[in-house]
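In our numbering, the protein residues as written are 69 to 629. For each residue, glycine too, the CB sits at the ideal point set by N, CA and C. Worksheet for the structure shown next.
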Amino acid sequence: MNKDISERLKKLLGESIQKIFLSQSIDLNLMPPVILTTPRNPEHGHMSTNIALQLSGILQREPKQIASSITEEIIQRESEIINHIDIAGPGFINFYLNEQIFYHILKEIVLQREKFGCSDIGKGEKVMVEFVSVNPTGPLHIGHGKCAAVGDALTKILKAAGYQVTTEYYINDHGKQVNTLGESVLARYRHLLGEEVPFPENGYQGDYIFDLAREIIKEYHEQFKGKSDQSTIQFFKDYAYKKILQDIKNDLTNFGVEFDSWFSEQSLYDQNKVQPVIEQLKKKGYVYNHHGALWLKASYFGDEKDRVVIRENGEPTYLASDIAYHDDKFKRGFKILIDIWGADHHGYIQRMKAAIDAMGYDPESFQVLLVQFVTLIKEGKIVGMSTRGGEFIPLKELLQEVGKDVARYFFLMHSHDSHTEFDLDIAKSQSLENPVYYIQYAYARICSIIEKGKKEDILLDLNSDSQILFGLLDKEEELEIIKKLSNFKKVIERSAVYWKPYLVSSYLYDLASAFHKYYTNYQVIGKNRELSMARLYLISAIKIVLENALTLLGVCAPEKM
RNA sequence: GUGCCCGUGGCUUAAUUGGAUAAAGCGACGGCCUCCGGAGCCGUAGAUUGGAGGUUCAAGUCCUCUCGGGCACACCA
Numbered sequence: 069m070n071k072d073i074s075e076r077l078k079k080l081l082g083e084s085i086q087k088i089f090l091s092q093s094i095d096l097n098l099m100p101p102v103i104l105t106t107p108r109n110p111e112h113g114h115m116s117t118n119i120a121l122q123l124s125g126i127l128q129r130e131p132k133q134i135a136s137s138i139t140e141e142i143i144q145r146e147s148e149i150i151n152h153i154d155i156a157g158p159g160f161i162n163f164y165l166n167e168q169i170f171y172h173i174l175k176e177i178v179l180q181r182e183k184f185g186c187s188d189i190g191k192g193e194k195v196m197v198e199f200v201s202v203n204p205t206g207p208l209h210i211g212h213g214k215c216a217a218v219g220d221a222l223t224k225i226l227k228a229a230g231y232q233v234t235t236e237y238y239i240n241d242h243g244k245q246v247n248t249l250g251e252s253v254l255a256r257y258r259h260l261l262g263e264e265v266p267f268p269e270n271g272y273q274g275d276y277i278f279d280l281a282r283e284i285i286k287e288y289h290e291q292f293k294g295k296s297d298q299s300t301i302q303f304f305k306d307y308a309y310k311k312i313l314q315d316i317k318n319d320l321t322n323f324g325v326e327f328d329s330w331f332s333e334q335s336l337y338d339q340n341k342v343q344p345v346i347e348q349l350k351k352k353g354y355v356y357n358h359h360g361a362l363w364l365k366a367s368y369f370g371d372e373k374d375r376v377v378i379r380e381n382g383e384p385t386y387l388a389s390d391i392a393y394h395d396d397k398f399k400r401g402f403k404i405l406i407d408i409w410g411a412d413h414h415g416y417i418q419r420m421k422a423a424i425d426a427m428g429y430d431p432e433s434f435q436v437l438l439v440q441f442v443t444l445i446k447e448g449k450i451v452g453m454s455t456r457g458g459e460f461i462p463l464k465e466l467l468q469e470v471g472k473d474v475a476r477y478f479f480l481m482h483s484h485d486s487h488t489e490f491d492l493d494i495a496k497s498q499s500l501e502n503p504v505y506y507i508q509y510a511y512a513r514i515c516s517i518i519e520k521g522k523k524e525d526i527l528l529d530l531n532s533d534s535q536i537l538f539g540l541l542d543k544e545e546e547l548e549i550i551k552k553l554s555n556f557k558k559v560i561e562r563s564a565v566y567w568k569p570y571l572v573s574s575y576l577y578d579l580a581s582a583f584h585k586y587y588t589n590y591q592v593i594g595k596n597r598e599l600s601m602a603r604l605y606l607i608s609a610i611k612i613v614l615e616n617a618l619t620l621l622g623v624c625a626p627e628k629m
């Protein structure tokens, strides 16, 4: 519902309740916050509050009795926006608003266009969303695709809600994993040149390792034959991870995901940012020496056990880099850090929170969004996807099969917290089973109706609503649609506050559905010119909201399909 | 074994963060094209929300226990 109106109602309710409190001389601090909801059942009014139920314990009175006291008070103060008030069920107060309010909202949507739905609840707070951050040791698979879609949509939603958001990809270009990558490629290089050398333990098995080796042969020929020294490995490592990273970047671009910055783990060492942070923690007494290694007192901050930050051999662990990295994020001025991780990393959260706590930052300002796994269903069967075993579906392949829009929507249509079952056959079908088409079809239909209007010389000037007779939009379905449209801002806010991008997806589906129903029951362009104009105005507003919502998800709004 | 996440019609999921009669899609069955795009619309059947207690005006949602499933438990990243 429109924010001004719900604020106005909340204020009214607050004042009325205050008066009751004073008359019974009850401490005003006991007053709970007023919560207004937009009921899904139309019989429960346009807006509703449960405040009387909440107050019954405090005031020691029957909820219904309290509700009627509040209602009486409100009726005396406000008659402009409220049509009438009902007290229903155990003591809910249901408001029915004046229809003019809805027409006003409709105008607002059309006036604000692409800005409609935006709010300022984020108050410009600096947020960093770090996501994907896949090791540059292999290509992106569909699981990463889900993280990418969730992170990207969440970022857009947070921005719409008034946060100042920066996205970042953390590149693990330091440490054992990329070394193993270098060794794996080198081994394949030498195999291809006919040498018999052992393949590294836990080496990377995929075909792309051979591809990289072939590339190097093509470019450098037999230059590294017989070599296995540090600088050769270093060369293979750099060559391989840079190529793979480029490949990852390309995949993300094709998926519609762009990062504001790419942060190298190695740069933390090059700029000597790791040691000082560890030193600092040591001074605070949160890092101690044990058996030659340095340990973080993670258990003191709620983790299961203490964790090594500097190994016995003097090498920092991944955690050490990560501590320095997150310290750096805070030092760059970010107030909220959101990391999006695959669910398999959940055991790492407590340890990271402990580190942040130890550094003196509020552990609550660091939040991890866990994205559950994706299982791909092909011809009714589950296709496995473990990175370790080398059996995974590359994101690239999925994009070729179903396209960006379908892939993104499928990743975003359910809670990121629940497993995604990605049914390839449904995703590929351009049919009613596919929710993406259902939504896009609604948009295309609207465009087509507007085109028809133009042909029949019924042209709508969206910059001026003076010739629109809003009163003609009096059908129940029409008011229902306007109500839904007006909810959009709330949906974005909730989606931003609870970090649930899928709320936007289900909203979209619901709105598309309302339009399809309306379309079947009513003719937009008809004999009556005024009515046609008014309805065109309505569907133009739907078009705007559909487009705004699709944009948040990174899904296209096609005018023709 | 310990910790985290998840159990909702046959299947995939919702449920305004504790609210009113648990809502959609798929699948099944039955209807709707002289008409703006049928990639659509309408209807019927299908649920004791894994189970047992508890908290309160109110529990799918919170607490305890229990049973199933997933994941994690490195001086890997």
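Considering only the alpha carbon of each residue, which of Ser187, Thr488 and His414 lies closest to Gln232? For Gln232, the closest of Ser187, Thr488 and His414 by C-alpha to C-alpha distance is Ser187.
Determine which residues share a DSSP beta bridge with Ile161 and list them. Paired residues: Thr117 and Ile155.
With the cut-off set at 9 angstroms, would you say Leu528 and Leu604 are in Cβ contact? Going by C-beta atoms, Leu528 is nearer than 9 angstroms to Leu604.
To the nearest angstrom, how far is the alpha carbon of Asn151 from that of His482? Each residue's alpha carbon lies about 37 angstroms from the other.
Between Ala366 and Arg419, is the Cβ-Cβ spacing less than 9 angstroms? Yes. Within cutoff.
Exposed or buried, what is Ser563 when buried is set at 16 or more other beta-carbons lying within 10 Å of its beta-carbon? Note on Ser563: 16 or more other CB atoms within 10 angstroms of its CB, so buried under the neighbour-count rule.
My assumption, with CB atoms under 8 angstroms, is that Leu261 sits in contact with Glu290. Please give the rounded CB distance. Indeed, because the Cβ distance is near 6 angstroms, the residues count as touching under 8 angstroms.
Alpha carbon to alpha carbon, what distance is there between Lys244 and Gln343? Going from the Cα of Gln343 to the Cα of Lys244 covers about 19 angstroms.
Examine the ligand COA and report whether any of its heavy atoms sits within less than 8 angstroms of the Cβ of Leu77. In terms of ligand content, the structure shown is empty, and the ligand COA therefore cannot be addressed.
The alpha helix (DSSP H) that contains Phe331, what's its start and end? Element bounds for Phe331: not the alpha helix (DSSP H) but the beta strand (DSSP E), Ser329 to Ser332.
Please list, in chain order, all residues of the same chain as Pro626 whose beta carbon is under 8 angstroms from its beta carbon, the five residues on each side excluded. Cβ neighbours of Pro626 beyond the five flanking positions: Gln508, Tyr511 and Ala512.
Counting along the chain, where does the alpha helix (DSSP H) carrying Arg603 start and finish? Arg603 -> alpha helix (DSSP H) spans Arg597 to Leu621.
Just to confirm, is the Cβ distance from Gln440 to Asp473 under 9 angstroms? No.
C-beta atoms of Ile239 and Glu326 nearer than 9 angstroms: In this structure, Ile239 sits away from Glu326, with a CB-CB distance that is not shorter than 9 angstroms.
On the CB-based measure, 16 or more other CB atoms within 10 Å of its CB, does His114 come out buried or exposed? When all chains shown are included, His114 counts as buried.
Considering only the beta carbon of each residue, do Gly521 and Ile593 sit closer than 9 angstroms? Closer than 9 angstroms, so yes.
Would the segment 276-283 count as touching the segment 214-234 if we require 3 or more Cβ pairs under 8 angstroms? As far as the Cβ criterion goes, the segment 276-283 does not touch the segment 214-234, which means the pair count is below three.
Hey, Ala602 and Leu540 are a contact pair by Cβ (cut 8 angstroms); roughly how many whole angstroms apart? Between Leu540 and Ala602 the Cβ distance is about 4 angstroms, and since that is below 8 angstroms, they are a contact.
Which stretch, first to last residue, makes up the beta strand (DSSP E) that contains Gly410? First-last of the beta strand (DSSP E) with Gly410: Ile404 to Gly410.
Residues bridged to His358 by DSSP? Beta-bridge annotation (DSSP): His358 is paired with Ala361.
Straight-line gap, Glu447 to Glu489 (C-alpha atoms, nearest Å): One C-alpha to the other measures close to 13 angstroms.
On the three-state DSSP scale, how would you describe Arg108? Taken through DSSP and simplified to helix, strand or coil, Arg108 comes out as coil.
Taking only the alpha-carbon atoms, compute the straight-line gap between Ile85 and Leu606 and give it to the nearest angstrom. In a straight line, the C-alpha of Ile85 is about 38 angstroms away from that of Leu606.
Just to confirm the assignment, what range does the alpha helix (DSSP H) spanning Val504 have? Its alpha helix (DSSP H) spans residues Pro503 to Lys523.
With H, G and I counted as helix, E and B as strand and the rest as coil, what does DSSP make of Lys87? Of the three classes helix, strand and coil, the one that applies to Lys87 here is helix, per DSSP.
Measuring only the C-alpha atoms, how far is Leu249 from Asp297? Each residue's CA atom was taken as its position, placing Leu249 and Asp297 some 15 angstroms apart.
For Glu544, does the count of other Cβ atoms within 10 angstroms reach 16, so buried, or fall short, so exposed? Around the Cβ of Glu544, a 10 Å sphere holds fewer than 16 other Cβ atoms; the residue is exposed.
Comparing C-alpha positions only, which one of Lys132, Glu130 and Ser74 sits nearest to Phe163? Looking at Lys132, Glu130 and Ser74, the one whose alpha-carbon comes closest to that of Phe163 is Ser74.
Is Lys449 helix, strand or coil by DSSP? Strand at Lys449.
Opposing strand residues paired with Arg375 [DSSP bridges]: Within the DSSP secondary-structure output, Arg375 pairs in a beta bridge with Leu364.
Tell whether a beta-carbon distance below 9 angstroms holds between Ile285 and Tyr257. It is a contact, given that the beta carbons lie within the stated cut-off.
Does the segment 570-589 come close enough to the segment 543-558 to have 3 or more Cβ pairs within less than 8 angstroms? They touch, by the three-pair rule.
Quick one: what does DSSP say Gln63 is sitting in, helix, strand or coil? Missing from the structure shown is residue 63; the chain here goes from 69 to 629 and no further.
Bridge partners of Phe490, per DSSP? For Phe490, which the question treats as bridged, DSSP gives the partners Leu444.
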